[in-house]
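Chains as they are written, first to last, in our numbering: chain A, 6 to 179; chain B, 6 to 179.
First the structure, in the form of structure tokens, and then the observations on it.
There are 2 protein chains.
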Amino acid sequence: MTKDVIAAILERRSVRRFQPEPVPHAAVGRLIDAARWAPSAGNIQPWQFYVVYNERKKKELASAALNQRFVSEAPVVIVVCVQPEMSASRYRERGRNLYAIQDSAAAVQNILLAAHGYGLGACWVGAFDEALVMEALDLPRGLVPVAILPVGYPAEENRPPARRPVEEIVHVIE
Amino acid sequence: MTKDVIAAILERRSVRRFQPEPVPHAAVGRLIDAARWAPSAGNIQPWQFYVVYNERKKKELASAALNQRFVSEAPVVIVVCVQPEMSASRYRERGRNLYAIQDSAAAVQNILLAAHGYGLGACWVGAFDEALVMEALDLPRGLVPVAILPVGYPAEENRPPARRPVEEIVHVIE
């Protein structure tokens, strides 16, 4: 048993400060497994996961992520990538521009929730220069990085950020 | 306590056949709450949720979803929408084309996992005619539907669909 799913969803926070201790390879494996079980349009699973322990490569990722230094301070960084053409081959434009992004985002959310479940912390970094990440990881043509996830044991506990009130975002049609 | 987060992630399946009994409003409220706690770029929360109980509107949604009849057979249908311009106003093209879609996809995944946690079933329907959904829900200008989620108590138990093997999707940089 790790943690209740509703509690995990409500209590997960972005973590940007990490303890120096390494994340066991087995734990990283379980995060990737959580990602694999995300749903995807037509079960195409257009994703690839780069698991980066290498210090120099982590620094290149931090630099690609507009110099967000905490990225390189995490013991491990998972870069989630997508092959839009896998989705486009069956679903054309909608696959390329919508499903491929949605599928990989569901995989990211699974990783974040699973990490929280295992007592790890992570942060969804979306602001980065794609070309620099491609270069740092030597990505094959057609593979696009969509999220950088620094992962480690949390060295901070964050308060919940504000959320828009329910009345502002829900519409009931009875 | 509902269900362990890892179990929820691994055992969640798409459900397309539902028992006729209604989903309590309180349960739907908890699903929306799960969605609200998804992360979003800059905490912008560019989402809106339409909760549809109305039979005629559910039929219009099913018809908009390329006549996937099971959509109208669910006791309740949640339509997740996004305002891309909210994200674009801070992050321009990347906000419009990437973050807004990722944020709402994370919210969808939270709904699916929370539903499973509460013993409900749901399915992520992405194949639909946007204009027809906009018309059925009378969406205000600038609001784009990105997912249709029929929700109910499951009347089927599905086997896990195949997943690509780990070796095919993971790359370790040590």
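No residue lacks a Cβ here, since even glycine has one placed at the ideal position from N, Cα and C.
Note that the coordinates shown come from a computational prediction; the quantities given were computed from them, not determined experimentally.
| Item | Value |
| --- | --- |
| Neighbouring residues, chain B, relative to A/D134 (Cβ below 7 Å) | What A/D134 touches in chain B: nothing, since even the nearest Cβ is about 11 Å away. |
| Best match in B/E173, B/P159, B/P44, B/G131 for proximity to B/Q24 [C-alpha to C-alpha] | B/P159 |
| Cβ-Cβ separation, B/P150 to B/F75 (assumed contact under 8 Å), whole Å | With 8 Å as the limit, B/F75 and B/P150 do not qualify as a contact, their Cβ atoms being about 18 Å apart. |
| Straight-line gap, A/V171 to A/A13 (C-alpha atoms, nearest Å) | 20 Å |
| Where A/D143 falls, given that 16 or more other Cβ within 10 Å makes a residue buried | exposed |
| Simplified DSSP assignment, three categories, for B/F75 | helix |
| Proximity of A/A111 and A/A39 at Cβ, strictly below 7 Å | no |
| B/N163 classed as buried or exposed, judged by whether at least 16 other C-beta atoms fall within 10 angstroms | exposed |
| CB contact flag (A/L148, A/Q73, <7 Å) | no |
| Cutoff 7 Å: A/R169 Cβ touching any chain B Cβ | yes |
| Contact set between A/Q50 and chain B, taken where Cβ atoms lie within less than 8 Å | R168, R169, I174 |
| Contact with chain A by B/A110, beta-carbon distance below 7 Å | yes |
| Runs of alpha helix (DSSP H) lying entirely within the stretch 83-111 of chain B, each at least 4 residues, in chain order | 89-99 |
| Per-residue burial, B/L118 [other beta carbons within 10 Å of its own, 16 or more giving buried] | buried |
| Inter-residue spacing [alpha-carbon to alpha-carbon] between B/I83 and A/E65 | 41 Å |
| A/G157 vs A/A70 beta-carbon contact at 7 Å | no |
| Proximal residues to B/G131 (C-beta, below 7 Å), its chain only, five neighbours per side dropped | A152 |
| Minimum Cβ-Cβ distance from B/E26 to chain A less than 7 Å | no |
| Test: A/I178 CB closer than 7 Å to a CB of chain B | yes |
| Supposed close pair A/L15, A/I116 - CB separation, criterion 8 Å | About 17 Å separates the two Cβ atoms, so there is no contact after all. |
| Close-in-space but distant-in-sequence residues of the same chain around B/A141 (CB under 8 Å, 5 per side omitted) | K62, E65, L66, A69 |
| A/G3 - containing beta strand (DSSP E), residue span | No statement about residue 3 of chain A is possible, as the shown extent of chain A runs from 6 to 179 and does not include it. |
| Contact set between A/Y158 and chain B, taken where Cβ atoms lie within less than 8 Å | What A/Y158 touches in chain B: nothing, since even the nearest Cβ is about 17 Å away. |
| Contact set between the stretch 111-132 of chain B and chain A, restricted to residues whose Cβ is under 9 Å from the partner | A111, A112, V113, Q114, N115, L117, L118, A119, H121, G122, Y123, C128, W129, G131, A132 |
| Where the alpha helix (DSSP H) containing A/I11 begins and where it ends | 10-16 |
| A/A127, DSSP secondary structure in three states | strand |
| N-terminal and C-terminal residue of the alpha helix (DSSP H) that A/V33 is part of | 30-41 |
| Boundaries (first-last residue) of the alpha helix (DSSP H) holding A/V175 | From DSSP, A/V175 is part of no alpha helix (DSSP H) but of the beta strand (DSSP E) over 175-178. |
| C-beta neighbour in chain A for B/R41, strict 7 Å | yes |
| Per-residue DSSP class, three states only, for B/S68 | helix |
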